[in-house]
Structure formats: structure tokens, C-alpha cells
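Data first, discussion second: the structure below is written as C-alpha cells.
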Amino acid sequence: MAANARNGYVFRPREAARPDHEKRIQALDLARRLPALTLSARQAAASAQAGLHGRRRAGAGENFWQFRPFIPGEAAQNVDWRRSARDDRLYVRQREREAAQVLWVWADLSGSMNYCSPLSAQSKLDRALILALALADSAVRAGERAGWLGLTRLSAARDIVDSLAVALVAEARLNGELFEDLPQAAAPLRPREKAALIGDFLVEPAAFAACLQRLSIQGARGHVLMVYDPAEEAFPFSGQTEFYDEAGDLLRAGRAEDYVAPYRARLAAHREALSAAARAQGWTFAVHSTVRPASEALLNLRLALTADGTR
32 MAANARNGYV FRPREAARPD HEKRIQALDL ARRLPALTLS ARQAAASAQA GLHGRRRAGA
92 GENFWQFRPF IPGEAAQNVD WRRSARDDRL YVRQREREAA QVLWVWADLS GSMNYCSPLS
152 AQSKLDRALI LALALADSAV RAGERAGWLG LTRLSAARDI VDSLAVALVA EARLNGELFE
212 DLPQAAAPLR PREKAALIGD FLVEPAAFAA CLQRLSIQGA RGHVLMVYDP AEEAFPFSGQ
272 TEFYDEAGDL LRAGRAEDYV APYRARLAAH REALSAAARA QGWTFAVHST VRPASEALLN
332 LRLALTADGT R
């Protein structure tokens, strides 16, 4: 135990637990959570899904977009003779471009994500899982392929939520590599692939930047959503307070209210550093509170993916 009287806190690390025992607990906990979370994910996806997301550009697709005048020299088979018969000009039927996308999803399932304060009814982990699964489901509904970054293959199957949930539980039972603060994909994303990373990202900004750089080295783009509990932003603590990190280490503060201002300043600086790292790679960055509806964040993510596809 080490004490710092000037700052009024005491730090005490815990004894190391057995890795196999922790792995078993994590796997069982994930298996217990997933049935209810998959149902919530489907509900969120259904509320945000508005059919196939068109690009509002001419191209190969099934949906009619507009008629345009026939250009001399192009193939006569492009003429829409029914529309042309109503006028003294020739017209070509254009379809709305529907570019099939590849979407990789990933959620942080590390220990810090289990936090849930009395200000929220859902932990960060539960919210991140719901959003990741719902985003994959929404992508498949829109005719895209989706997969869990670093864990599964891409799939366009309608049971994508169930298959990802089974893969997550299986991976948790096999090893503890699932519970990392950042995605551990072995290869970078391909040029036209996208990724959605969801977590609290309480990591060193340099590690976060290196991760995005590795994923984006071939020109791929993505979206980062930082999920937080309202207490983590408000810091509603006072008096003698004990804080535990995800490893179980204890920090005892004599007057927690003395840390409000420096804590908020550091949190703001941390978010800005992550946002700058994302922008440097052409990614978007947003924050989401667990007290807000999951469908709200899901819709914003889908809109961001659609907007990115039109640039």
C-alpha cells in the first residue's frame, strides 16, 4: 500500500487472480447477458432501419431514380421507350446507385465496460453490445455484409445477430483475448471496407491512434463511438470515496470533490485527443451516453456510414 497525504488518496493494488478463473467468469457472464441483448439489438435495428440506403446517385441498382435525356452516341438499348413515347424526345431510365458495403463492427468488452452507476439503467458493455449487434443486423437488412472485426468472417445472413453472439461466447470460452481495450485484428481493413468501433476507449491516445492507423493503412475509413456512463462525465462524488479500476485496484480519495475540476479537464482533453486521432485517419468520432436511447446512436451511426459512402 502506498499513501500520498498531500493529495489525500491511498492506492492499493489487489492480488492477482487466476487467469483461467477470470476467463471462465467472463465467458459465463457474457453468455448470460447475450440472449436479452440480442433481442434488444433486433429491436433497435428495426426502429432505425428504413430500407436500403440509396446513394442518390445514378448507378447500378434496383430503385428508379429519374429519367434523363438520351445522349446521341450511347447504346439504343438504354432508351426507355415507354417514357419516350409520351414526348418528342428520347429518355433513359436511371436507377439509384446502391453500393454494397462491407461493415466490420467491434465492441469493447473489457472490464471497464462493466461500469453502471445509479444514474443509468444499463452498463456500458450492454449498450456497446446492443449497438454493435444492431448495427450488423441493420447493415445486413440493407443488403450489406457484416462481421465482427478480428473474430468472424463477413456474412449477409439474416441470422447475423445470432451468429455473432455465438462466436463471441465461443471466443470468450477459448481465451481471454476477446476482452481487449482495442481491436486486435491481424490485418488492416481493405480500401473500401468500413468499421464501427464502440467502447469507452479509456486507453492512451497514442495506442488508440496507432490502432486506427494500422486499420486504415490501405485507405479504409470508419467510425468511433465513445460510450460513457453519465457519472463518468458528471463526476457526482464527494467526501471519502473508493474508486476501483478494471483490474480491481483501489484508489481511496479523502475529498472526492477536490478532483472534479481536474478530472473534467482531463476527460475533455482525452476526448479531444481521440477525436483528433480519428480525424487524422479520416474517421468520425462521437460520444454517446447510456441514458440516451440506443436507437438514437444507431441511427446516427447508420447516417454517418451513408454520408461517408457518398463522398
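For our numbering, count along the sequence shown from 1 and bump the result up by 31. Ideal Cβ positions, reconstructed from N, Cα and C, are used throughout, including at glycine. In this text, all values refer to a predicted model and were calculated from it rather than measured experimentally.
*When the Cα of Phe266 is compared with those of Ala173, Ala299 and Leu68, which residue comes out closest?*
Position 235 of the sequence shown, counted from the first residue, corresponds to residue 266. Measuring from the Cα of Phe266, the nearest candidate turns out to be Ala299.
_Buried/exposed call for Tyr275, threshold 16 Cβ in 10 Å_ = Reading the sequence shown from its first residue, position 244 is the one you call residue 275. So Tyr275 ends up on the exposed side.
*Rounded straight-line distance, which links the Cα of Pro324 to that of Asp119*: To locate residue 119, count along the sequence shown from 1; it is residue 88. To locate residue 324, count along the sequence shown from 1; it is residue 293. Roughly 54 Å separates the two Cα atoms.
*asked:* Check whether the segment 214-226 and the segment 276-283 are in contact - that is, three or more C-beta pairs closer than 8 Å.
replied: no
*Please name the residue in Phe268, Leu336, Ala317 and Asp212 whose C-alpha comes closest to that of Leu156.*
Within the sequence shown, residue 156 is the residue found at index 125, counting from 1. The shortest Cα separation from Leu156 among Phe268, Leu336, Ala317 and Asp212 belongs to Asp212.
*Give me the Cβ distance between Leu166 and Leu65, rounded to the nearest whole Å; I'm assuming they're in contact under 8 Å.*
Counted from its first residue, the sequence shown places residue 166 at position 135. Counted from its first residue, the sequence shown places residue 65 at position 34. About 16 Å separates the two Cβ atoms, so there is no contact after all.
*Pick from Glu264, Trp314, Ala177 and Pro236 that is closest to Glu303, judged by C-alpha positions*: Walking along the sequence shown from the start, residue 303 turns up at place 272. Of Glu264, Trp314, Ala177 and Pro236, the residue nearest in Cα terms is Pro236.
*asked:* On the CB-based measure, 16 or more other CB atoms within 10 Å of its CB, does Ile191 come out buried or exposed?
replied: Taking the sequence shown and counting its residues from 1, the one referred to as residue 191 is at position 160. Label assigned to Ile191: buried.
*Boundaries of the alpha helix (DSSP H) in which Glu263 is found, first to last residue*: As a first step, residue 263 is located in the sequence shown; it is residue number 232 there, counting from the start. Counting along the chain, the unbroken alpha helix (DSSP H) around Glu263 starts and ends at Pro261 to Ala265.
*asked:* Judging by CA-CA distance, which residue of Arg297, Ala309, Gln153 and Ala308 is the nearest neighbour of Ala67?
replied: Position 36 of the sequence shown, counted from the start, is the residue given in the question as residue 67. The shortest C-alpha separation from Ala67 is found at Gln153.
*Throw me the rounded Cβ distance for the Asp231 and Ser148 pair, which I believe falls under 8 Å.*
Counting from 1 along the sequence shown, the entry for residue 231 is found at position 200. Counting from 1 along the sequence shown, the entry for residue 148 is found at position 117. Asp231 to Ser148, Cβ: 13 Å. No contact.
*Please go through the same chain and pick out, in chain order, the residues whose beta-carbon is closer than 7 Å to the beta-carbon of Leu195, but skip the five residues on each side of it.*
As a working mapping, residue 195 is identified with position 164 in the sequence shown. The residues are Leu164, Ala167, Trp179 and Thr183.
*Based on the DSSP output, what are the partners of Gly142 in its beta bridges?*
Within the sequence shown, the letter at position 111 stands for residue 142. Answer by DSSP bridge pairing: none, since Gly142 is not bridged.
*Grab the span of the alpha helix (DSSP H) containing Trp112 for me, first residue to last.*
As a first step, residue 112 is located in the sequence shown; it is residue number 81 there, counting from the start. That run of the alpha helix (DSSP H) goes Trp112 to Ser115.
_Simplified DSSP assignment, three categories, for Arg158_ = As a position in the sequence shown, residue 158 is number 127, starting the count at 1. In this structure, Arg158 counts as helix in the three-state DSSP scheme.
*Taking 9 Å as the cut-off, decide whether the C-beta atoms of Pro219 and Ser247 are in contact.*
Working through the sequence shown from its first residue, we reach residue 219 at position 188. Working through the sequence shown from its first residue, we reach residue 247 at position 216. Against a cut-off of 9 Å, the Cβ pair of Ser247 and Pro219 comes out as a contact.
*Going by C-alpha distance, which of Phe239, Arg204 and Glu327 is nearest Gln312?*
Walking along the sequence shown from the start, residue 312 turns up at place 281. Selected option, being the one with the closest Cα: Phe239.
_For Ala296 and Val318, what's the separation of their Cα atoms in angstroms?_
Mapped onto the sequence shown, residue 296 falls at position 265. Mapped onto the sequence shown, residue 318 falls at position 287. Distance between the alpha carbons of Ala296 and Val318: 16 Å.
*When the Cα atoms are used, what is the spatial distance from Arg176 to Arg221?*
Residue numbering aside, residue 176 sits at position 145 when the sequence shown is read from its first letter. Residue numbering aside, residue 221 sits at position 190 when the sequence shown is read from its first letter. Roughly 14 Å between the two C-alpha positions.
*Whose CA, out of Arg124, Arg117 and Ala116, lies closest to the CA of Ala106?*
By one-based count along the sequence shown, residue 106 stands at place 75. The residue with the shortest Cα to Cα distance from Ala106 is Arg124.
*Whose C-beta lies closer than 8 Å to the C-beta of Gly270 among residues of the same chain, with five residues either side of it excluded?*
Sequence index remark: in the sequence shown, residue 270 carries index 239 (1-based). If we look at Gly270 and ignore the five residues flanking it on each side, its Cβ neighbours are Arg286, Ala287 and Glu288.
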